[in-house]
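Residue numbers (the working numbering): 939 to 1106.
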C-alpha cells in the first residue's frame, strides 16, 4: 500500500512548521540579546528582489495551509499579513498548525484522483493532486522555510542544521 496524501502532507507540514517556530524563537532571542529591536531582522532579505524574512515566514505558513486545504478539498483560512514582531509570526505559525491539525485523514480520502486549481501570475493552473503536492506545494513550502533559515544564518542568528531538521 502506498502512502496517503494526508500522510505525505499534513504531518510533514506540522513537523516542519514546528521547526520554523524554533527558528523564529531563536531569532527573537537573538534580537533581544543584540539589542536594536526586531525590525532589522524582520525586514532582512537575501537579495533586494527577494521577500524579507517576515514574508518568507508568512508564505511558508500559507504554503502549508493552502497546500493541505487544496488536497483536502476545503477552504483554507486567510491570515492578515500584518505581523510586526517575532511574537506575531509565532502566532501565525500556531494558527497554521492548528488548522492543519484540524484536518483528519478522512478528509483526504479520494484526494489522489482530485485536481487542484489555482491562479499564479494571472494564469489559471489545474493539475492532479499528486503533482500539485510534489511539484508545487512542498517545494514552495520548503523554499520559503529555507529562505527564512538562510536570512537568519546570514544575519548572525546561531542556527544549526538541527534547528531546521529536528530529530527523526
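Beta carbons: idealized from backbone N, C-alpha and C, even for Gly. No experiment lies behind these values; they were computed from the predicted model shown.
Which residues DSSP lists as bridging residue i, in chain order
| i | result |
| --- | --- |
| residue 1061 | 1058 |
| residue 1053 | 1066 |
Residue range of the alpha helix (DSSP H) that includes residue i
| i | result |
| --- | --- |
| residue 1080 | 1076-1092 |
| residue 1040 | 1024-1040 |
| residue 977 | 977-980 |
Simplified DSSP state of residue i, which is helix, strand or coil
| i | result |
| --- | --- |
| residue 941 | coil |
| residue 971 | helix |
| residue 1099 | helix |
| residue 994 | helix |
| residue 954 | helix |
| residue 964 | helix |
| residue 1015 | coil |
| residue 983 | coil |
| residue 1106 | coil |
| residue 1048 | coil |
| residue 1020 | coil |
Below-8 angstroms beta-carbon distance, residue i vs any chain D residue
| i | result |
| --- | --- |
| residue 948 | Protein chains in the displayed structure number just one, and chain D is not present. |
Inter-residue CB distance, residue i and residue j (contact presumed, cutoff 8 angstroms)
| i | j | result |
| --- | --- | --- |
| residue 953 | residue 1104 | 7 angstroms |
| residue 968 | residue 1068 | Contact flag wrong, Cβ pair sits at about 39 angstroms. |
| residue 1009 | residue 1071 | 6 angstroms |
| residue 1002 | residue 951 | 4 angstroms |
| residue 1101 | residue 964 | 6 angstroms |
| residue 1043 | residue 942 | 7 angstroms |
| residue 991 | residue 1097 | With a Cβ gap of about 13 angstroms, residue 991 and residue 1097 do not count as contacting. |
Cβ pair count under 8 angstroms reaching 3, the segment 1030-1039 against the segment 998-1005: Here the segment 1030-1039 makes contact with the segment 998-1005; the two share three or more CB pairs at distances below 8 angstroms.
- prompt: Would you say the segment 1046-1061 touches the segment 976-988, given that touching needs at least three Cβ pairs under 8 angstroms?
  reply: With a cut-off of 8 angstroms on Cβ pairs, the segment 1046-1061 is not in contact with the segment 976-988, counting fewer than three such pairs.
query: Within the chosen definition, does the segment 1020-1032 reach the segment 1048-1055 through at least 3 CB pairs nearer than 8 angstroms?
result: No, they do not touch.
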